[in-house]
Amino acid sequence: MPEAHGMHEMHKVHGTGAVHETREAAAVHDTREPGTREPDPCVIALDVGGTGMKGALLDRDLRPLATLRRPTPRDAGPDAVVDAIAATLELLSRRAGEQGVTVLRAGVVVPGIVDEERARAVFSANLGWRDLPMRALLEQRCGLPVTLGHDVRACGSAEAELGAARGARDVLFVAIGTGIAAAVISDGRPVRAGGHAGELGHLVVEPDGAPCGCGARGCLETVASAAAVAGAFTARSGRSVDGADQVAALLALGDPNAEAVWRRATEALADALAIATTLLAPELIVLGGGLAEAGELLLTPVRAALAERLTFQRQPAVVRAALGDEAGCLGAGLHAWHALTDATLPRELTGGATR
Ligand SMILES: [Zn+2]
């Protein structure tokens, strides 16, 4: 049962990454004078994940007028997922109508390989699609202009504009969750390369290591993702855990198995970040995703291990993401607002950077 919630300003929900949601119906605090009501414009923002979708109506200041969470029907196949995305956009669109708010555009971000220029969802191992003209499909279904983006690059954009990387021009945002992926911002612009840039999780850190879903062995993802950390802990200790957060909790208690697994993961992360730093020289590395919820338990050893590996390179600051799990939805909203703004500017001024 989908529910829309009135909620707080998402981009101010820092630290825990958890958004407090109430079970109340969306209540929009309307400060306009009665009798002089022009419908406010907003955009729909939708972050499609492997297990759930997070949607919102966002005003120009990215304040949520309503939010919505629904499951992603992954097991029902890619067509069902596209249907569910379209249905969610329609639901949010109706919600806007009920609130007297005009929807100007929808920003939708999805995982996998996403070609923003061609507005196609090129590949998703998780959601099963191959070269899907996602924007066209959703526009046909919803009658709304849609901007298609990539979930991790959207998080990177949101952190750069609103979060931990505000004001920085050279940024590496790394999402460490079930998998690992990065968003590269270089000279103030996102690096996309047809959707193929940023696959940090598939740098090989342990040659002849465990097989990775991508077909290679010993990828960073097989050692340092939240899923890998939990799996490695169970393999080592014989003790099953719900997730990497439990391993972090045991680490804080001095559990030797947790320490060993954590050290291996943070060393591998530092190996990959050293390569990225040598190549891209970010001034700032922002760690997000589930594993970053561990805070300094993750940041401190990663900083130290990265510093050990760098010699002449510019030492980047390593910080935790500020926007938590709302970053993707905020990034989707930013993409939509930028698309509206950029449409009125010559392309060379914007570089098409956020479309
Ligand atoms: Zn791989």
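With numbering that gives the first Met the number 0 applied, the sequence shown has no gaps in its numbers, which climb one by one up to 354 at the end. Ideal Cβ placement from N, Cα and C applies to all residues, glycine included.
| Item | Value |
| --- | --- |
| Outcome for residue 63 when other beta-carbon atoms lying within 10 angstroms are tallied against a minimum of 16 | buried |
| Any non-hydrogen atom of ligand 1 closer than 8 Å to residue 242 Cβ | no |
| Whole-number beta carbon distance between residue 107 and residue 47, since they are thought to touch under 8 Å | 7 Å |
| C-alpha gap between residue 65 and residue 86, whole angstroms | 16 Å |
| Residues of its chain near residue 51, where Cβ-Cβ distance is below 8 Å and the 5 sequence neighbours each way are ignored | 68, 69, 70 and 71 |
| Assigned secondary structure, residue 141 (DSSP; H/G/I helix, E/B strand, else coil) | helix |
| Residue 278, buried or exposed, once every other Cβ within 10 Å from all chains shown has been counted against 16 | exposed |
| Nearest-angstrom Cα separation, counted from residue 140 out to residue 239 | 44 Å |
| Residue from 142, 137, 112 and 138 with nearest C-alpha to residue 129 | 112 |
| Residue burial classification, residue 232 (beta-carbon count within 10 angstroms, cutoff 16) | buried |
| Bounding residues of the beta strand (DSSP E) (the contiguous stretch that carries residue 171) | 170-175 |
| Alpha-carbon to alpha-carbon, residue 200 and residue 336 | 30 Å |
| Span separating the alpha-carbon of residue 59 from that of residue 170 | 25 Å |
| Residue from 334, 221, 329 and 318 with nearest C-alpha to residue 368 | Residue 368 lies beyond the residue range present for the chain, which begins at 0 and ends at 354; the question has no answer from this structure. |
| Ligand 1 site residues, beta-carbon cut 6 Å against heavy atoms | 201, 211, 213, 215, 218 and 220 |
| Where residue 193 falls: helix, strand or coil (DSSP) | helix |
| Distance CB(residue 306)-CB(residue 314) smaller than 9 Å | yes |
| Short Cβ contact (9 Å threshold) for residue 54 with residue 91 | yes |
| Touch test, the region 278-293 against the region 222-230, Cβ-Cβ under 8 Å, three pairs minimum | yes |
| Inter-residue Cα distance where the pair is residue 195 and residue 114 | 8 Å |
| Length-filtered (3 minimum) beta strand (DSSP E) runs lying within the region 80-146 | 101-109, 112-114, 119-122 and 129-131 |
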